[in-house]
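Residue numbers (the working numbering): 7 to 155.
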C-alpha cells in the first residue's frame, strides 16, 4: 500500500505519523511518502524575490523544512517502515492531489486546522479540497487530536 502523509510541521506532525504507522502496520510492505508543500518561489509566481537578505531567508527556510522532513523520514524508517521524503513547491491542495495521483497512493493522511467556516469561504480549506477531489480515501486528523496529544 502506498501512503501519502501531508506534513506542515505544525502540531499535526505527531498525530499524522502515529496514524501512518498504524496504517502501515496493518498493511505489510507499505511504502510511506512524507510530503511537505513549500511556498512557491516568489519569482516563479511573478513577484520579485526581493533583496539578497530575503532570498537568503527563503533559502534558509527551505533548508530547515528539508531537515525537518528528513527527521520525520528517519523516525518512520526507525519503526521499520519504508519511507521517502518529498519537498515540493506549489499550491498546497493541488500539490497534494498531484503527488497522490503520481505516486498511485491508496490513502492520504493529513491534518485539518479547523479555522472555521469564514476562513474556509475566503481561502478554502485544504483538507476540504483534498477530500472532495482525491481519487483515494483521505484520513483527516482533527484539531482535537492535536490538543489532546
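Even glycine gets a Cβ: it sits at the ideal position worked out from N, Cα and C.
Pairing residue 147 with residue 22 gives a Cβ-Cβ distance under 7 Å.
With at least 16 other beta carbons inside 10 angstroms of its own, residue 36 counts as buried. In the three-state reduction of the DSSP assignment, residue 86 falls in the coil class. When C-alpha distances from residue 61 are compared across 41, 75, 46 and 73, the shortest belongs to 46. Residue 44 carries a strand assignment under DSSP once its states are collapsed to helix, strand and coil. Residue range 144–147 is occupied by the beta strand (DSSP E) that includes residue 145. As a beta-bridge residue in DSSP terms, residue 9 pairs with 38 and 113.
Beyond the five residues adjoining it in sequence on each side, residue 99 comes within less than 8 Å, by CB distance, of 130, 132, 135, 136 and 139 in the same chain, given in chain order. If the five residues before and after residue 81 are omitted, its C-beta is found closer than 8 Å to the C-beta atoms of 23, all from its own chain and listed in chain order.
At the C-beta level, residue 106 and residue 40 stay beyond 7 Å of one another.
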